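Numbering (our numbering), first residue to last: 375 to 639.
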């Protein structure tokens, strides 16, 4: 909680401004070869328990499930079909909201790759995403998104790769009231130009970087049109078969951000 007159004591009746969280997670993964090792079913799941020392109203159970069918037809065509479902705690921005709100996200996608050469692949992707919040105060951010993406990917054969492309998306907010629509609009379109690279420094060390420029255009409130920048960098070190270290730095807008509320994660 921030330090101001309307602090946690007056909001929650609890003078604590910080908290400790005990997080227990169980993760499992499964890879099932079907017709060949190039055509396989890949599944992963997470079930967790998060308990807060002081603000116990935020106790919750995060969970996620990912299922994907990866396939290949000869040396030219590769593809992937998948569905993912996740439940997690809403990411609180400033301490003004203290009730538990769980975010539910569902994603379905299809991907098709055409190998021009053994190193160069054109990849097309379509996806549909849905976000839903439990609390009424956040229902205005319930979101439905459809997107198409095309990219060109180059692989070196040594584990390193680079890709560049464009992503077109349309987001709608079906549960906004007329007043909320007049202030925030009911939909917008985004065009993202991105580059994505992975560098295999050694067998144990890899680095990756993704950067994108997002151009957002609202359906009606054109004065809120804006450009957003996102970036994610990561370094992974495989210390042993059982131990891995990850370090990452990122800069991206929250999924619920609008131009008049500039909060960044």
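Glycine is no exception: its CB is placed at the ideal position from the N, C-alpha and C atoms.
Everything numeric in this text was worked out from a predicted model, so none of it was measured.
Please report the residue range of the alpha helix (DSSP H) in which residue i lies.
| i | result |
| --- | --- |
| residue 557 | 552-558 |
Give me, in chain order, the residues of the same chain whose beta-carbon lies closer than 6 Å to that of residue i; leave out the 5 immediate sequence neighbours on both sides.
| i | result |
| --- | --- |
| residue 483 | 456 and 501 |
| residue 421 | 400 and 437 |
| residue 604 | 586 and 626 |
| residue 462 | 436 and 477 |
| residue 454 | 442, 444 and 485 |
| residue 595 | 559 |
If you run the structure through DSSP and keep just helix, strand and coil, what is residue i?
| i | result |
| --- | --- |
| residue 453 | strand |
| residue 635 | Residue placement at residue 635 cannot be trusted, given a pLDDT of 36 that sits under 50; the coordinates are not used to answer. |
| residue 596 | helix |
| residue 423 | strand |
| residue 435 | coil |
| residue 430 | helix |
| residue 528 | strand |
| residue 515 | helix |
| residue 578 | coil |
| residue 522 | strand |
| residue 390 | coil |
| residue 448 | coil |
| residue 601 | strand |
| residue 503 | strand |
| residue 459 | strand |
| residue 611 | strand |
What residue does the beta strand (DSSP E) around residue i start on, and which one ends it?
| i | result |
| --- | --- |
| residue 547 | Per DSSP, residue 547 belongs to no beta strand (DSSP E) and is neither H nor E. |
| residue 509 | Segment: none, residue 509 is in no beta strand (DSSP E) and carries neither H nor E. |
| residue 405 | 395-410 |
| residue 623 | 617-625 |
| residue 483 | 476-489 |
| residue 534 | Careful: residue 534 lies outside any beta strand (DSSP E) and carries neither H nor E. |
| residue 570 | 561-574 |
If distances are taken between C-alpha atoms only, which option among the options comes closest to residue i?
| i | options | result |
| --- | --- | --- |
| residue 592 | 544, 615, 474 and 508 | 544 |
| residue 511 | 474, 525 and 581 | 474 |
| residue 578 | 491, 555, 613 and 566 | 613 |
| residue 619 | 581, 546, 394 and 528 | 581 |
| residue 390 | 403, 411, 427 and 419 | 427 |
| residue 479 | 490, 464, 506 and 487 | 506 |
Beta-carbon within less than 7 Å of residue i's beta-carbon, same chain only, minus the 5 sequence neighbours each way: which residues are those?
| i | result |
| --- | --- |
| residue 423 | 398 and 435 |
| residue 509 | 473 and 475 |
| residue 542 | 521, 522 and 565 |
| residue 414 | 405, 406, 407, 408 and 444 |
Kindly give me the distance between the Cβ atoms of residue i and residue j, rounded to whole angstroms, as I take these residues to be in contact under 8 Å.
| i | j | result |
| --- | --- | --- |
| residue 550 | residue 560 | 6 Å |
| residue 412 | residue 458 | In fact, because the Cβ distance is near 22 Å, the residues do not count as touching under 8 Å. |
Give me, in chain order, the residues of the same chain whose beta-carbon lies closer than 8 Å to that of residue i; leave out the 5 immediate sequence neighbours on both sides.
| i | result |
| --- | --- |
| residue 526 | 494, 495, 496, 497, 537, 538 and 539 |
| residue 546 | 517, 518, 519, 560 and 561 |
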